[in-house]
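Visitor:
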Ligand SMILES: Cc1cc2nc3c(=O)[nH]c(=O)nc-3n(C[C@H](O)[C@H](O)[C@H](O)COP(=O)(O)OP(=O)(O)OC[C@H]3O[C@@H](n4cnc5c(N)ncnc54)[C@H](O)[C@@H]3O)c2cc1C
Ligand SMILES: NC(=O)c1ccc[n+]([C@@H]2O[C@H](COP(=O)([O-])OP(=O)(O)OC[C@H]3O[C@@H](n4cnc5c(N)ncnc54)[C@H](O)[C@@H]3O)[C@@H](O)[C@H]2O)c1
Ligand SMILES: Cc1cc2nc3c(=O)[nH]c(=O)nc-3n(C[C@H](O)[C@H](O)[C@H](O)COP(=O)(O)O)c2cc1C
Ligand SMILES: [Zn+2]
């Protein structure tokens with residue numbers, strides 16, 4: 116079980132959180148089919164540092180972004 | 012009896028009766044089942060899984076592969092595969108051997124041993140090739156032969172608990188190193204947890220009282236250490252507690268087995284530690300020789316444990332088969348305790364002189380540079396040639412009933428490896444040792460390859476204090492394991508439980524299974540219940556030897572949790588029956604239950620499905636309830652609907668972006684049916700949006716969608732549109748919702764409503780008022796196609812208001828109805844249920860709700876996706892009504908086809924009911940190009956294969972009475 | 168070891184206040200407690216308490232029956248700016264757990280470190296107990312106040328009762 | 049051709065102490081310089097693709113390059129459930145194509161893959177489950193695939209450890225049963241395909257990681273870079289499961305995939321007690337008993353993407369809660385080992401099979417939590433696709449471009465069934 120650093124509540128156990136997928140995916144306003152498909156479905160899914168969103172659902176309720184290495188599963192500071 | 016008259020840590024004042032395979036035996040408090048069996052001279056305890064050869068107790072610890080027994084406490088408390096070495100003896104314990112038929116002494120399946128030449132590693136892959144031959148003939152036979160004990164056949168009545176804990180230092184292993192670490196950590200004032208898998212702390216010290224620490228006898232030091240720790244307010248000592256899982260960020264899980272007779276059987280500890288100290292010790296290695304699996308062959312260290320800790324002499328005449336110094340001491344102690352020593356057979360040509368001198372002094376014959384092979388009643392010793400094979404023409408016969416094996420030590424690095432720390436091969440230690448850690452963890456003592464007691468203590472003190480460790484100290488040595496297996500007899504057992512021999516491993520390598528992972532899987536080495544604690548290093552050495560590679564080049568298989576097996580019950584904890592998951596009930600549940608309602612689960616909720624009267628089945632009850640609603644008035648508990656209060660100056664903007672509907676023009680005091688899409692354009696949820704004030708909305712969601720809709724809204728609010736000044740508050744549980752529906756609903760509630768002019772409340776209106784004296788939000792909406800109201804009152808007042816409405820409605824024939832009637836009523840009107848008419852692939856247009864979309868809106872969730880080619884294509888499945896021609900209710904899920912023989916599905920029936928209003932069955936379905944097919948017929952193909960014709964009609968079977976507009 | 172007592176508290180008033188610190192502060196007078204308390208702490212005075220559960224998320228607790236008047240009073244505060252106040256009094260139920268082993272009992276299902284050094288009296292947060300979300304507020308060295316959604320209360324209570332029986 | 053496997057050959061082996069068995073498949077230390085087709089990934093799907101290319105489509109110069117040991121990916125980590133009762137005709141056809149091959153795979157490969165059609169039981173616990181399952185049954189029936197409805201009592205008779213006690217949290221209200229479904233021995237599938245492919249000339253190169261994809265000026269693939277040097281080939285088939293995004297990124301492609309850890313566990317072995325496969329989506333658990341006697345239990349995925357082949361404890365505890373709830377007699381059994389795999393999940397939980405915007409680059413991925421059952425079918429249609437350069441009829445609906453057109457095959461949304 117991960118220990119997740121909530122920017123508001125500090126380190127808290129993973130079961131209080133919900134992972135909300137890759138961060139930084141901009142919702143396009145006027146998009147062609149390709150751009151819209153990319154927004155909907157294409158993900159970097161990296162073997163390495165991953166910017167991802169979490170929500171502290173059973174805590175402060177806030178969404179925030181963290182960087183985690185997907186091999187070590189360790190949280191790291193933003194690149 | 013081989014119990015010694017004195018000594019050991021057993022309590023001779025507390026004799027305990029137990030039975031094994033029906034034999035009544037006696038042991039003492041402090042015994043394990045294994046020590047008590049040995050004390051009673053029981054040597055055969057189990058059978059190997061493949062050849063069913065008899066097996067004895069090999070070890071004194073959790074790594075035991077042979078002495079697995081069934082423990083039966085009666086009823087559902089019978090369990091298989093319990094390690095006799097880890098089972099504390101208790102009075103009345105009933106144990107049985109396993110995997111033998113008809114008895115342990117005579118096992119018919121041992122005939123498999125005769126067929127051994129036909130059963131090499133992986134034999135089953137090479138034969139039984141025809142599908143019928145395998146599955147029908149051979150598989151059942153092989154299955155019956157495999158497996159160990161019997162699964163229980165009654166539900167387990169015992170209780171299991173869970174505990175989360177935090178500490179500064181978690182010390183795993185209460186041997187000398189771990190105890191020293193815990194003592195040192197306690198001195199710093201930190202929060203310390205010390206756990207050990209054994210029932211008693213002490214680790215190897217319990218087996219070695221001759222040692223001394225700080226000038227004190229080992230057991231005196233031990234008693235003091237344990238007493239100090241137990242008395243310390245910041246230290247928790249957990250015995251019979253195995254650390255079995257090492258997760259990320261120093262999260263460890265421990266399984267505690269509570270003493271026999273406790274209220275709880277086991278407890279799961281989930282611990283987050285700032286630092287972890289692993290003092291998990293080391294496990295002895297076996298040697299490979301023919302007969303190394305026979306009863307009476309055991310680890311030299313185990314013999315010492317039997318002798319010192321349990322005062323049991325495990326045999327009368329012993330042979331030591333050693334490639335390592337550490338076994339010699341065991342033999343000397345056995346001799347002191349009265350055993351005869353037939354000989355010490357050491358693989359090495361030149362064991363250390365001090366050992367040779369001591370043996371000579373004791374008159375023990377030493378056969379250096381020799382190996383052994385089995386005789387029916389002893390061992391045959393022979394010189395080992397340079398290639399490791401035995402030189403058969405110079406033999407020495409050694410009669411014995413005990414063969415001690417000492418092949419060196421494997422540090423218990425399982426948890427360290429699970430923590431994702433790197434292991435590194437160390438030639439001097441002849442083992443993989445902990446290398447670079449991935450977390451805040453240190454390994455000390457035998458787990459680090461240190462075998463000197465003083466050094467173990469020193470390492471513990473450093474680790475406990477958080478200072479850097481002194482260098483590793485290793486005193487004993489031996490022949491490298493790779494050299495020790497060279498030339499080993501092919502029939503030697505590497506993995507005694509899975510009956511894997513040296514030849515099996517060599518065969519696997521020959522057949523191209525070169526990766527150690529392939530060898531493991533092809534031969535099943537290390538896959539037995541000890542998870543390779545016995546077999547892995549030796550098996551690895553055989554692979555390395557066969558491939559002529561160094562051990563670290565071959566690598567090791569992955570250490571996985573649990574460290575030792577953990578019962579399902581411990582992991583499931585208290586989450587069973589009603590505690591498995593919360594059962595949520597709405598505020599009127601008790602009333603419904605008292606009425607004899609039949610309930611249905613919807614997510615975590617229990618909802619009243621119908622209210623049968625005496626003699627009524629579901630259909631009759633539902634028909635009556637429906638007729639009441641259509642004819643007069645019905646009352647329904649709608650409290651489970653999700654409710655969200657949306658408040659703030661930008662609330663309208665926000666909701667316009669979330670829902671497909673135009674909402675800017677929704678006046679305060681009015682409400683609207685609204686659809687919510689996912690970004691892919693498919694319907695996610697629906698509900699009513701009521702505007703209470705310019706900046707305040709009361710939004711409802713489906714029962715199942717409550718949490719996810721709120722989460723989705725928060726996501727957009729916080730991530731996409733953080734500039735909007737809006738707040739979302741769940742009010743699902745605050746409001747009890749009483750739906751009163753039917754032509755007379757207005758008359759029913761009129762006398763109860765105060766504060767507004769009810770007559771002036773338009774359909775799709777919302778007002779704050781009081782109902783039966785309780786502050787309420789009154790919605791004039793219906794999901795039935797009738798004039799209707801939904802009265803929202805604070806949940807605690809809902810039962811009283813419900814009663815008041817019932818009373819007021821009695822003269823009008825008000826009838827409670829459940830979810831089933833609700834479903835029928837809405838279907839008659841063609842209203843969809845999200846999750847039934849929709850399944851995550853359905854657009855608003857598909858269900859005929861395209862008109863809800865605010866045409867002038869620049870954006871809303873999912874808008875852009877509706878423009879994708881396949882969302883606009885013709886031939887999508889569309890919601891239609893279906894009228895069965897033969898007047899039977901079709902099956903929900905039935906497939907729609909153009910003609911009975913057609914194999915092309917055109918859609919399916921989403922809902923089907925007997926409609927009391929229409930007096931005939933009706934159905935809703937999604938049908939390819941459904942709207943243009945209205946007026947035609949298609950066929951509904953059910954699960955039994957019968958195709959029935961259905962007429963395609965508009966989904967609106969009945970026209971709304973009032974303007975109780977849903978869509 | 169003294170017993171651990173689990174009591175269901177009588178009904179009370181609960182308001183969900185969503186507001187940034189600035190506007191929240193202006194409501195202090197009308198509510199009678201200094202708002203907002205520091206994050207993850209509770210402030211209380213008399214029968215009223217404010218639990219700051221998130222940056223803009225404050226749970227106001229007050230005596231039973233005060234919802235309507237409080238809502239009115241708070242709405243009437245001049246210049247309070249945009250805030251959200253919602254009555255959720257009936258949506259939650261409160262329990263009090265008292266006793267030297269109260270923390271251990273809570274750790275049967277709550278994954279947080281409840282050592283008084285890390286979770287002292289006055290600390291509060293949303294968290295989990297088993298499969299129920301709760302609001303946990305330590306009101307004394309050996310006293311915890313727990314808020315749970317109405318429909319989760321029977322589950323929470325049953326789980327606590329069973330665990331408490333095993334602790335005893 | 050290797051020595052044929054049979055009872056007789058085994059008996060002959062016994063005579064010389066099994067000293068003359070040859071390698072089951074050739075293991076060249078490094079790949080040749082060029083091939084007609086290079087398959088990236090030596091899991092069951094990759095090996096099956098190579099086998100069918102050689103055995104049925106006449107493409108002989110084929111290499112399978114595997115970064116570790118063959119079958120060490122999800123093929124060696126799955127709970128081996130085989131069934132074909134999927135909802136959409138496209139899926140059902142594809143999985144049934146596989147199931148029909150399972151039935152004869154042991155003889156076709158001359159390797160006992162221990163396919164055991166013991167029946168797959170899917171438990172319903174609510175009206176909604178029942179509706180979903182009945183919809184499946186009707187759809188399957190129409191597609192000619194067996195799937196039938198059982199009452200609770202019938203389900204119990206088929207699966208005796210199942211509890212019908214009314215006081216469980218989710219009482220069983222019925223079940224869907226596919227009798228032709230069952231299990232197979234995961235490792236044997238990889239080895240059997242490898243042996244049969246090798247016998248037909250396919251090179252299987254282990255410990256050989258693809259590190260780059262070479263393309264010509266026109267963007268078409270020309271080969272791959274590997275940890276054992278470059279390999280030329282005009283067609284590349286990427287069958288890398290959890291690592292697909294990583295490999296495709298080498299060709300500049302972003303995929304509609306996320307890789308999650310999925311866990312499974314086994315109990316200690318016990319005597320036969322569980323005669324079928326049972327799964328429940330409501331409580332999320334699935335279980336069968338292996339030939340060695342362990343209960344093989346599938347758990348869920350973690351919520352975050354990861355390439356670590358390890359998952360969290362809470363996933364296991366949730367699973368075992370469910371298992372104990374459905375089978376309360378199993379509570380005293382013990383978990384022996386738990387492990388994780390990396391599953392490649394698409395937005396619609398259906399696989400992607402076919403070409404890509406890069407000429408010559410083909411992909412077979414997205415099988416997520418449920419592709420073992422498809423192994424022979426997936427290999428077969430992918431081989432056809434690679435050999436002909438255009439999608440096999442059954443693969444066509446599973447093209448990559450469905451994500452832009454919106455023509456998804458949303459098995460997940462339709463039923464929430466994972467395996
Ligand atoms: C715990 C678990 C339970 C499951 N249960 C079931 C089930 O019951 N039923 C079912 O049908 N399915 C199940 N599945 C899914 C199933 O295992 C997979 O869908 C299937 O095995 C995928 O096979 P594959 O050959 O595509 O992938 P894999 O076997 O993973 O093979 C991919 C190979 O590609 C290799 N590779 C990756 N990158 C490179 C590179 N750069 N260069 C060279 N090689 C590379 C990998 O090492 C790997 O060997 C389960 C999966 C898991 C993890
Ligand atoms: N070559 C060697 O390494 C070797 C050989 C024999 C004896 N010794 C002696 O053994 C002693 C070593 O002391 P030590 O403290 O390092 O080891 P130890 O063997 O005395 O103690 C290890 C303890 O860890 C416990 N343990 C292991 N895994 C566990 C787990 N997962 N969960 C809970 N408990 C677990 C065991 O039950 C055991 O009590 C010294 O006296 C040394 O001389 C060393
Ligand atoms: C169907 C199946 C059955 C298994 N049975 C056993 C078993 O009986 N004993 C065992 O130790 N491991 C068993 N395993 C697990 C493997 O040992 C191993 O954990 C798994 O292949 C993943 O590899 P890894 O742990 O080396 O990463 C089994 C795996 C599968 C897929
Ligand atoms: Zn937080």
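Protein chains in written order, with this note's numbering: chain A, 116 to 194; chain B, 12 to 978; chain C, 168 to 335; chain D, 49 to 467.
All C-beta atoms, glycine included, are put in the ideal place defined by N, C-alpha and C.
For a contact meaning CB atoms closer than 8 Å, what does residue 165(A) contact in chain D?
Guide: 353
Visitor: Taking the continuous beta strand (DSSP E) assigned at residue 314(C), which residues delimit it?
Guide: 310 to 316
Visitor: Kindly identify the DSSP beta-bridge partner or partners of residue 333(D).
Guide: Bridge pairing for residue 333(D): 328(D) [DSSP].
Visitor: For residue 115(D), does the three-state DSSP call read helix, strand or coil?
Guide: coil
Visitor: Is there at least one Cβ from chain F nearer than 9 Å to residue 159(D)'s Cβ?
Guide: The displayed structure is made up of protein chains A, B, C and D, and chain F is not among them.
Visitor: Using the C-alpha atoms, what's the distance from residue 197(D) back to residue 326(D)?
Guide: 14 Å
Visitor: Comparing alpha-carbon positions, which option in 596(B), 320(B), 538(B), 970(B) lies nearest residue 841(B)?
Guide: 970(B)
Visitor: Could you check whether the segment 435 to 446 of chain B touches the segment 252 to 272 of chain B, counting it as contact only if at least three pairs of C-beta atoms, one from each stretch, sit closer than 8 Å?
Guide: By the Cβ criterion, the segment 435 to 446 of chain B is not in contact with the segment 252 to 272 of chain B, since fewer than three pairs of Cβ atoms, one from each stretch, lie closer than 8 Å.
Visitor: Considering only C-alpha positions, which residue in the set 191(C), 247(C), 216(C), 287(C) is nearest to residue 307(C)?
Guide: 287(C)
Visitor: Between which two residues does the alpha helix (DSSP H) holding residue 189(B) run?
Guide: Per DSSP, residue 189(B) belongs to the alpha helix (DSSP H) from 187 to 198.
Visitor: With hydrogens ignored, establish whether the beta-carbon of residue 181(B) is closer than 8 Å to any heavy atom of ligand 3.
Guide: no
Visitor: Using the three-state DSSP reduction, which class does residue 65(B) fall into: helix, strand or coil?
Guide: strand
Visitor: Which residues are close to ligand 4, meaning CB closer than 5 Å to any heavy atom, in chain order?
Guide: 121(A), 123(A), 124(A), 171(A), 174(A), 175(A)
Visitor: Answer yes or no: does any C-beta atom of chain D fall closer than 9 Å to that of residue 118(A)?
Guide: no
Visitor: When every heavy atom of ligand 2 is checked, does at least one fall within less than 8 Å of the C-beta of residue 979(B)?
Guide: Coverage of chain B is limited to positions 12 through 978, which leaves residue 979(B) absent and any answer about it impossible.
Visitor: Can you tell me whether residue 423(D) sits near ligand 3, meaning its C-beta is under 8 Å from at least one heavy atom of the ligand?
Guide: It does not: the Cβ of residue 423(D) is nowhere closer than 8 Å to a heavy atom of ligand 3.
Visitor: Mind listing which residues of the segment 132 to 159 of chain A have their C-beta closer than 9 Å to chain C's C-betas, in chain order?
Guide: For the segment 132 to 159 of chain A, which is checked against every Cβ of chain C, not one residue is closer than 9 Å.
Visitor: Please report the distance separating the alpha-carbon of residue 418(B) from that of residue 333(B).
Guide: 6 Å
Visitor: Tell me whether the beta-carbon of residue 71(B) lies closer than 9 Å to the beta-carbon of residue 343(B).
Guide: no
Visitor: May I ask you to verify whether the segment 94 to 111 of chain B touches the segment 72 to 85 of chain B, counting CB pairs closer than 8 Å and requiring at least 3?
Guide: yes
Visitor: Assign residue 867(B) to one of two classes, buried (16 or more other C-beta atoms within 10 Å of its C-beta) or exposed (fewer than that).
Guide: exposed
Visitor: Who are the Cβ neighbours of residue 123(B) in its own chain at under 6 Å, not counting the five residues just before and after it?
Guide: 62, 63
Visitor: Whole angstroms is fine: what's the gap from residue 370(B)'s alpha carbon to residue 63(D)'s?
Guide: 45 Å
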